[in-house]
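S.K.: In terms of numbering that gives the first Met the number 0, the sequence shown has 17 at position 18, counting the first letter as 1, and numbering is strictly consecutive. Got a structure for you, written out below as structure tokens; questions coming shortly.
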Amino acid sequence: MDYVFRFFEGRGYSDNFSLNMSNQIDILDSENPEITLVFDADAICAECPHNENGRCKTYEKVYNYDRRVLDFCGLEFGDKLKWQDFHSLAKKRIIEKHLLKNVCADCRWIDICEKING
């Protein structure tokens with residue numbers, strides 16, 4: 000099971016968002032594209048109900064999650080790397096060190112992630 004997206008269950012999301020998220024996960028895992036770490040809406044955000052014309056209604060919250068992930072991984076917005084390299088860094092520096100709560104403690108889904116992450 001994917002360590003970065005493995006917590007996604009589609010709960011509380013629209014059907015369009017869940018379908019898009021599943022498609023994006025498939026693309027990332029099968030094609031291992033080069034990704035650019037952005038602080039704007041991306042392909043995953045395309046069908047999010049919080050996306051209003053390319054701007055997240057919960058921008059500050061999402062930015063803080065992203066910023067903490069990048070800090071733990073030693074990365075910056077604008078960095079480019081292969082998906083699997085990013086995936087490995089997040090797994091090694093956040094998931095395996097049980098630091099997920101340090102990234103997204105105020106997320107309403109944290110209990111799901113902690114249960115799965117054990």
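For each residue, glycine too, the CB sits at the ideal point set by N, CA and C. Bear in mind the structure is a predicted one, so any value in this text is a computation, not a measurement.
(1) Name the DSSP beta bridge partners of residue 54, please?
(2) Count the other C-beta atoms from every protein chain shown that fall within 10 angstroms of the C-beta of residue 76, then say buried if there are 16 or more, exposed otherwise.
(3) Which of the three DSSP states is assigned to residue 90 in this structure?
(4) So, under 8 Å CB-CB, residue 54 and residue 42 are touching, yes? Tell me the CB distance rounded to an integer number of Å.
(5) Across the segment 63-71 and the segment 91-99, are there enough close Cβ pairs to call them in contact, namely three or more that are closer than 8 Å?
(6) Quick check: the Cα distance between residue 101 and residue 64, rounded to an integer number of angstroms?
M.R.: Checking against the coordinates, here is how it stands:
(1) 51
(2) By the 10 Å Cβ count, residue 76 comes out exposed.
(3) helix
(4) In this structure residue 54 is not in contact with residue 42, their Cβ atoms being roughly 15 Å apart against a cut-off of 8 Å.
(5) yes
(6) 9 Å
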